[in-house]
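This report concerns only the one structure given below.
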DNA sequence: TCCATATAGTACTAAACTAGTCCTAGTTTA
DNA sequence: TAAACTAGGACTAGTTTAGTACTATATGGA
């Protein structure tokens, strides 16, 4: 359940690598070597991350990639959006009319609420945490917000 | 992102139908007719739900299906487990040795924690809520637990 | 100016997964 | 024993995902 694709996982690995040395400019080949991910895949993912504004790129000789923002300002939700797009939790939600009776769509709406709540919490998780770069993870605990408020369901 | 499969969605629709009349015994054909889902699909899903103990079945003439427990005691997590199995959020987590360097696996572990936290909150959501059968949804609000405790990441 | 080294974008292929259907076996009751 | 059910598995078509290849574009140094 709640799977993320391999490519999204790879992208996180790449971003984590960039986050570890925020000032260094990495070529796709370097990242490939240092993460042991296939070079074409790394290239493809970096292009996609660039298109969504998560990394900065420089072309030409001595070109390469750089994190667009500090790792603490990149959320897990942004990474998922860049890689997987705004995919809904159920397919029925977009074209609900042709297959659903009333009770069906009620169910779909509930799943949507679950999805929305999960998204909101993913916005709270930063690349810094995903990459394991937080010095004291417990310090942010007081900012914790309930992911799913059951009353809203 | 965070998709559930069509079949899981259908299963929820079926369970919601059963939950609406907890004492009535439904045949697969009746559920198919009343939910407008294809009969073979409904059959297949009911068998799967039975195998995981979510519904009771009676064979033979006048047989059919019945919710195994009150809707309030069936969680969204149980439904997902029955339909999609204990799938991890990342594939790498199960066989991490052949493709990952140290930083890679750190990332995978973080995703696992996210997954676990999401699961825990899905355990709090009942079929009653998914089916929209709660009289006063706001009444359960005080039981709300944080889905993702950022300190645990 | 030309060439080596980068990224940008797109198109294509193979593999895996999902959804849906069908068939046969087993169970119960009239 | 026949009719009305569920149980289980196998099979197929369609879609999605992962991975690769190719061409175009940009930069900087010899």
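Protein chains in written order, with my numbering: chain C, 36 to 188; chain V, 36 to 188. For every residue, glycine included, the Cβ atom is placed at its ideal position computed from N, Cα and C. This structure is a prediction, so every number in the text was calculated from the model and none was measured.
Give a yes or no on whether 7 Å exceeds the smallest Cβ distance from residue i to chain V.
| i | result |
| --- | --- |
| residue 76 of chain C | no |
| residue 145 of chain C | yes |
| residue 73 of chain C | no |
| residue 101 of chain C | no |
| residue 42 of chain C | no |
| residue 81 of chain C | no |
| residue 168 of chain C | no |
| residue 93 of chain C | no |
| residue 47 of chain C | yes |
| residue 54 of chain C | no |
Tell whether a beta-carbon distance below 7 Å holds between residue i and residue j.
| i | j | result |
| --- | --- | --- |
| residue 118 of chain C | residue 168 of chain C | no |
| residue 70 of chain V | residue 52 of chain V | yes |
| residue 112 of chain V | residue 154 of chain V | yes |
| residue 142 of chain V | residue 48 of chain C | yes |
| residue 64 of chain C | residue 81 of chain C | no |
| residue 162 of chain C | residue 50 of chain C | yes |
| residue 60 of chain C | residue 96 of chain C | no |
| residue 46 of chain V | residue 106 of chain V | no |
| residue 103 of chain C | residue 115 of chain C | no |
| residue 29 of chain V | residue 165 of chain C | Nothing about residue 29 of chain V can be read from this structure; chain V reaches only from 36 to 188. |
Are the C-beta of residue i and some C-beta of chain C separated by less than 7 Å?
| i | result |
| --- | --- |
| residue 64 of chain V | no |
| residue 90 of chain V | no |
| residue 51 of chain V | yes |
| residue 162 of chain V | no |
| residue 84 of chain V | no |
| residue 165 of chain V | yes |
Starting from residue i, follow the beta strand (DSSP E) in both directions and report where the run begins and ends.
| i | result |
| --- | --- |
| residue 93 of chain V | 90 to 93 |
| residue 102 of chain V | 99 to 102 |
What residue range is occupied by the uninterrupted alpha helix (DSSP H) comprising residue i?
| i | result |
| --- | --- |
| residue 168 of chain C | Element bounds for residue 168 of chain C: n/a, residue is neither H nor E. |
| residue 67 of chain C | 63 to 70 |
| residue 78 of chain V | 74 to 86 |
| residue 114 of chain C | 111 to 119 |
| residue 193 of chain V | Nothing about residue 193 of chain V can be read from this structure; chain V reaches only from 36 to 188. |
Checklist entry - Can you find at least 3 beta carbon pairs, one from the region 151 to 159 of chain C and one from the region 82 to 98 of chain C, that sit closer than 8 Å? => result No: fewer than three Cβ pairs fall under 8 Å.
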